[in-house]
Amino acid sequence: MMDFHILTLFPEMVMQGLHTSILKRAVEKEYIHIEAVNIRDYTLDKHGKVDDYTYGGGAGMLMQAQPVYDAYKAVAEKIYSKQPDVFISEGKEQRACRVIYVTPQGQTFNQTMAQEFAKEEDLIFLCGHYEGVDERVLEEIVTDYVSIGDYVLTGGELPAMVMIDAISRLVPGVLHNEESATTESFHNNLLEYPQYSRPEIWRDKRVPEILLSGNHAKVDEWRMEQSIERTKRLRPDLYEKWAEENGKAVK
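Numbering (my numbering), first residue to last: 360 to 610.
This is the structure in structure tokens:
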């Protein structure tokens, strides 16, 4: 089972969003576990404050290091308890697992990264808000700085949910059809081929005859051709990667 731990100021948001459809079934069948840890629960401020003004001036508030770090420590201790010997080296406590800070300054998330993260037993996601998080705690706990695109959102919850969805689908057992993860877009740098269902004719548009032939070898060949053509047309950047990896000339 893979464990996702989300450090957030809005636990209800992520828990409601991630406990639906395929992910809900995956949680119920114990392929994955998702917990949201409220950073506000770990502040030492009697009023529940977790942010303050930035040194040097500037607009907006910054999430403070102390509550973020203590929330992280609470999660890390649970992870340590699974395999305590793994996290102690030469008497020094090591990081419990990979900690992903969701930030537009990070490396852009992609399918390859999802596959890499899916190999972990535990992942901690840190969701920032306001003007971000005090740099000192980021230096202390973060292993991966990740973005989902070149734009700014009001918080890290939505990007964290996007990444958890993509990663969860790669965990064995989560998808009903295990073949899906190896035929979808971005597998081997190709976009997915077009697909069709009943009826055979809809608004004068017919399902391609090859898909009705029963010749699985020809169907596979057609699908590969369609994937290549679609990738070349819609995502030439991916097509170039595919061509290079497969020794094909880029036309």
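Ideal Cβ placement from N, Cα and C applies to all residues, glycine included. For clarity, every value in this text was computed on a predicted model and none was experimentally measured.
*Return helix, strand or coil for D509, following the three-state DSSP convention.*
coil
_Could you check whether T462 and Y504 sit closer than 8 Å to each other, using their CB atoms as the reference points?_
Their beta carbons are under 8 Å apart, which means Y504 touches T462 by this criterion.
*Would you report the Cα separation of E568 and A519, rounded to the nearest angstrom?*
42 Å
*Buried or exposed by the 16-neighbour rule on C-beta atoms within 10 Å, applied to H488*: buried
_For D362, which residues in the same chain have their Cβ closer than 7 Å to its Cβ, ignoring the five residues on either side in sequence?_
Cβ contact annotation for D362 (same chain, cutoff 7 Å, sequence separation greater than five): H392, E480, D481, in chain order.
*Touch check for the stretch 580 to 593 and the stretch 526 to 534: three-plus C-beta pairs under 8 Å?*
no
*Which residues in the same chain as N397 place their Cβ atom closer than 6 Å to its Cβ, once the five residues preceding and following it in sequence are excluded?*
P370
*Sorted by chain position, which residues of the same chain lie with C-beta nearer than 6 Å to R384's C-beta, five sequence neighbours on each side aside?*
none
*Let me know if E604 comes out buried or exposed under the rule of 16 or more other beta-carbons within 10 Å of its beta-carbon.*
exposed
*asked:* Using C-beta distances below 8 Å, list every residue in its chain close to A418, excluding the 5 sequence neighbours before and after it, in chain order.
replied: E490
_If you reduce the DSSP assignment to three classes, tell me which class Y439 lands in._
helix
*Would you check if the distance between the CB atom of Y510 and the CB atom of L485 is smaller than 8 Å?*
no
*Measure from the alpha carbon of D411 to the alpha carbon of each residue in E599, L421, R592, E588, then state which is nearest.*
L421
_When G606, V578, S556, I483 are compared against H364, the one with the closest alpha-carbon_ = I483
*For I560, count neighbouring C-beta atoms within 10 Å of its own C-beta (all shown protein chains included) and say buried if the count is 16 or more, exposed if not.*
It is exposed - the Cβ of I560 has fewer than 16 other Cβ atoms within 10 Å.
*Hey, how far is the Cα of S380 from the Cα of M522?*
16 Å
*asked:* What does the alpha-carbon distance come out to for the pair E449 and M360?
replied: Any reading at E449 is ruled out, since the residue's pLDDT is 46, under 50, leaving its predicted position unreliable.
*asked:* Suppose you measure from the CA of Y326 to the CA of R565; what does that come to, to the nearest Å?
replied: Outside the shown range of the chain, which is 360 to 610, sits residue 326, and nothing can be said about it.
*Would you say L534 and Y555 are within 8 Å of each other, going by their C-beta atoms?*
no
*Going straight from the alpha carbon of G407 to that of A430, what length do you get?*
14 Å
_D596, buried or exposed, once every other Cβ within 10 Å from all chains shown has been counted against 16_ = exposed
*R589: which of P553, R557, D563, D493 sits nearest, CA to CA?*
P553
*If you draw a straight line from the alpha carbon of N548 to that of L382, how long is it in whole angstroms?*
25 Å
*Between K478 and C456, what straight-line distance do the alpha-carbon atoms span, to the nearest angstrom?*
12 Å
*Give the straight-line distance between the Cα atoms of A608 and L550, rounded to the nearest whole angstrom.*
18 Å
_I need the DSSP call for G376, collapsed to helix, strand or coil._
helix
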